[in-house]
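A.B. asks: The numbering of the sequence shown is our numbering, which starts it at -13 and goes up by one. Built from N, CA and C at the ideal position, the CB exists for glycine as well.
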Amino acid sequence: MSETSRPAVGFIGLGIMGAAMAANLQRAGYALVVHDIRREAAKPHLQAGATWASSPREVAERSDVVLSCLPSVAVIEAVALGYQGILEGTRAGQAYFEMSTNTPALIRRLHAAFLERGAHLLDAPISGGALGAERGRLGIWVGGDRDAFDRFEPVLRAMGDKPVHVGTVGTGLVTKLVHNCTSQATQAAIAEVFVLGVKAGADPVALWEAVRQGSIGRRRTFDGLVDEFLPANFDPPHAALRIILKDMLIATDLGRELGVPMRISQLALADIQEAMNRGWAERDCRSVMLLPQERAGVAIKVEPAAIERVLDRDPPAPTDTKRGNG
-13 MSETSRPAVG FIGLGIMGAA MAANLQRAGY ALVVHDIRRE AAKPHLQAGA
37 TWASSPREVA ERSDVVLSCL PSVAVIEAVA LGYQGILEGT RAGQAYFEMS
87 TNTPALIRRL HAAFLERGAH LLDAPISGGA LGAERGRLGI WVGGDRDAFD
137 RFEPVLRAMG DKPVHVGTVG TGLVTKLVHN CTSQATQAAI AEVFVLGVKA
187 GADPVALWEA VRQGSIGRRR TFDGLVDEFL PANFDPPHAA LRIILKDMLI
237 ATDLGRELGV PMRISQLALA DIQEAMNRGW AERDCRSVML LPQERAGVAI
287 KVEPAAIERV LDRDPPAPTD TKRGNG
């Protein structure tokens, strides 16, 4: 790649998030080399001009920068280091942005392996959910070589409006884990105290409208109740429970490694695991907010028209509301 030419971009993992991100790269004019375990997942991208690669190794061989968005830690390791993996096809000066939720320990091990080849591996987890991926409105938190980040920042900006270089390798993931743990712990607390208010006699719509005017409510935290919690609508998911379980397990494991007590996160994790045991893996991650209702003998389900009346009187902030928790 010359200083003025656009890089050839390799993309591995065309699930809900990855497919939208790859499509945005194509709309921005990047030549794309794609791979997924299911070739049919790449059909829209191939029709739009992308080139198919038969393996992660081939993606690396044909690209200047490689991006991956993968479903689990085991898959990330296999794609990076396994047979016909990215490492086998990488070369000096190349950059690989791993955009999934990973573990800091694994990403640092992968970084060391790529560094031996003279290549840069950066962790670049994303936040914004499926709608953010479609609209190109993602937070992208990057840990790793600053020069590599600067060089390929335009590629990242084709997928997300908020790419940020956080620091050294692993710090992007730490940022994602902090963000997601905060999200899950806050969600658990809101469910608990909202049920308390309803059981104490407050009407759920009146209570919701009132708390939105408090110091926390004015930050629009409670606008997140509109899509799932208040209408009791958890299917189909904006972010599946099984994905959030993975994130929380990684975060709480990191807390144990560092000797950091994570009582609220552990409580949130316990509810997530209970929901998983009920077979809710493919429900929205906010389905865990049903558990406090069951324990208290309270059922919260508000008619959409009642919600709309409140929003007509006090519109939400001009941000996306239908977003996942990753």
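Can you list, in chain order, the residues of its chain whose CB lies under 6 Å from that of Q70, leaving out five sequence neighbours each side?
C.D. replies: Same-chain partners within the cutoff: S41 and R43.
A.B. asks: Hey, how far is the Cα of F135 from the Cα of A99?
C.D. replies: Answer to the nearest angstrom: the Cα atoms are 19 Å apart.
A.B. asks: Cα-Cα, which of R24, C55, A39 and P(-7) is closest to A6?
C.D. replies: With distances taken between Cα atoms, A6 lies closest to C55.
A.B. asks: Is the segment 242 to 254 touching the segment 200 to 208 in the sense that three or more CB pairs, one from each, lie closer than 8 Å?
C.D. replies: No, they do not touch.
A.B. asks: Shortest alpha-carbon distance to L142 belongs to which of V152, G153, V128 and V155?
C.D. replies: Out of V152, G153, V128 and V155, V128 has the C-alpha closest to the C-alpha of L142.
A.B. asks: Among the residues of its own chain, which have a CB less than 6 Å from the CB of T157, if the five just before and after it don't count?
C.D. replies: Cβ within range, chain order: G129.
A.B. asks: Could you tell me the boundaries of the beta strand (DSSP E) in which E139 lies?
C.D. replies: Run containing E139: none in the beta strand (DSSP E); it sits in the alpha helix (DSSP H), R132 to R143.
A.B. asks: Please confirm whether V288 and P222 have their CB atoms less than 8 Å apart.
C.D. replies: No. Outside cutoff.
A.B. asks: Between D22 and A28, what straight-line distance do the alpha-carbon atoms span, to the nearest angstrom?
C.D. replies: Distance between the alpha carbons of D22 and A28 is about 7 Å.
A.B. asks: With DSSP as the reference, label P149 as helix, strand or coil.
C.D. replies: Three-state result, P149: strand.
A.B. asks: Please return the same chain residues whose Cβ sits closer than 7 Å to the Cβ of T161, not counting the five positions on each side in sequence.
C.D. replies: Excluding positions up to five away in sequence, the list reads W127 and V152.
A.B. asks: Span of the alpha helix (DSSP H) holding E195?
C.D. replies: Looking at the DSSP string, the run of the alpha helix (DSSP H) that includes E195 is P190 to V197.
A.B. asks: Considering only C-alpha positions, which residue in the set P111, L253 and P302 is nearest to E195?
C.D. replies: Of P111, L253 and P302, the residue nearest in Cα terms is P302.
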